[in-house]
Amino acid sequence: MTTALDQPTTTDAADPTRRTARTLTVLAGGALVAGPLLYLGGMLTAPQQASDGTADYVASLARDTTLTEVSGILLHYANLLTGAGLFVLPLLVRGVRGRLLTLAGTLLAALTMLNISGSVKDDWWRMVIGQQLPLDVAVRISDTVDASTLLGLWRGTDALGFLGLLLLYLGLARAGVLGWWAPAVYVLAAVAMVAVPFSWGVVAGLPFALLFAPLAVAGVRAVRRGRL
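Take 528 as the starting number for the sequence shown in my numbering and just add one per residue.
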């Protein structure tokens with residue numbers, strides 16, 4: 528016979544759920560801190576290229592395989608951890624202000640980050656064809672792959688990701704989770720990405736890494752929230 532004493536109390540039953548939620552919040556926050564650092568490492572180790580043309584891109588990947596592989600691994604996990612960690616951010620919003628912007632931005636940005644994490648594999652096969660084939664042939668193969676009809680359904684989410692991050696920062700700023708400096712930093716970094724030429728080498732990659740810097744601050748906030 529089951530008695531009232533056999534049933535777990537509401538508090539006892541809820542504690543494991545709360546502990547799990549706190550643990551996931553801390554882990555997601557840690558992922559958001561690690562993600563921007565990995566982006567920075569990935570951009571600092573990215574092989575330098577003279578322009579954004581296909582020939583220069585393939586040649587740069589084939590020139591130094593160590594840098595290509597290290598950069599590719601760092602960027603893969605940067606995208607993966609960031610995409611997974613983003614889902615904690617709407618939970619940091621208390622109240623109505625900024626909630627919809629944060630949620631919409633999270634979904635768009637996470638879709639893009641998780642998509643891009645797989646496409647980094649492109650660096651490996653472009654590196655190999657750049658080494659084993661004449662450059663003009665390697666470029667033709669690369670351009671042919673990029674022109675594939677349905678590939679855009681996978682890699683065409685880049686624009687959604689840029690929009691998503693902006694909406695996310697605006698939402699978090701409106702909710703008071705981050706200051707208005709966050710969307711300002713994002714806009715300045717986006718402008719710098721266009722303005723800084725590829726010929727500047729490592730410096731050219733820094734604005735891209737800066738796009739994700741506010742996420743590290745949000746990640747710290749998430750870790751603190753999870754440890755309360």
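Backbone N, C-alpha and C fix where the C-beta goes; we use that ideal spot for every residue, glycine too.
Please read these numbers as outputs of a predicted model, since none were measured by experiment.
{"Check": "Taking only runs that begin and end inside the segment 548 to 635, name each unbroken alpha helix (DSSP H) of 4 or more residues, in chain order.", "Outcome": "581 to 590, 592 to 612"}
{"Check": "Compute the distance between the beta-carbons of Leu-607 and Ala-573, then report whether it is under 9 Å.", "Outcome": "no"}
{"Check": "What residue does the alpha helix (DSSP H) around Pro-710 start on, and which one ends it?", "Outcome": "708 to 722"}
{"Check": "Do Gly-527 and Thr-639 have their C-beta atoms within less than 9 Å of each other?", "Outcome": "Because residue 527 is not part of the residues shown, which for the chain are 528 to 755, the question remains open."}
{"Check": "For Leu-594 and Ala-686, I'd like the C-alpha separation in whole angstroms.", "Outcome": "27 Å"}
{"Check": "Buried or exposed, going by whether 16 or more other CB atoms sit within 10 Å of the CB of Thr-676?", "Outcome": "exposed"}
{"Check": "Which ranges does the alpha helix (DSSP H) cover as unbroken runs of at least 4 residues, wholly within the segment 726 to 752, from first to last along the chain?", "Outcome": "729 to 737"}
{"Check": "Pull up the distance between the alpha-carbon of Thr-552 and that of Gly-753, whole angstroms please.", "Outcome": "5 Å"}
{"Check": "How is Val-664 classed by DSSP in three states: helix, strand or coil?", "Outcome": "helix"}
{"Check": "Is it true that the segment 642 to 657 meets the segment 698 to 716, where meeting means three or more beta-carbon pairs spaced less than 8 Å apart?", "Outcome": "no"}
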